[in-house]
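The numbering used here applies: residue 220 is where the sequence shown begins, and numbers increase by one. Just so it is clear, CB atoms sit at the ideal spot from N, CA and C, and this is done for glycine as well. What follows is one structure encoded as structure tokens, with my remarks underneath.
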Amino acid sequence: MAFRLRQLLGCNVKVTFDEGQAIRGRIAFVGTEFVEIMALEKRTKENNCPRRKKFFIIQFDKIKMVEMIEK
220 MAFRLRQLLG CNVKVTFDEG QAIRGRIAFV GTEFVEIMAL EKRTKENNCP
270 RRKKFFIIQF DKIKMVEMIE K
């Protein structure tokens, strides 16, 4: 799984977990047993200021499916 996720480094993806939850984000780093994802946030007109980015570290054994999404 690490090899395939390294190919998607920098791409926008949707990661689905075993529990059914999902997260959309950009793959920032791939380790030996985990992946680091920067969450995608939608900007609105009233919320146009720069924000801190949210990063999630997810273990491979918790991931059910990864699919590439368009911006």
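Item: Proximity below 8 angstroms, CB of residue 287 to CB of residue 249; Value: no
Item: Burial state of residue 244 (16 or more Cβ within 10 Å); Value: buried
Item: Boundaries of the alpha helix (DSSP H) in which residue 225 is found, first to last residue; Value: 221-226
Item: Boundaries of the beta strand (DSSP E) in which residue 260 is found, first to last residue; Value: Residue 260 -> no beta strand (DSSP E), and no H or E assigned at all.
Item: Status (buried if at least 16 other CB within 10 Å, exposed otherwise) for residue 228; Value: exposed
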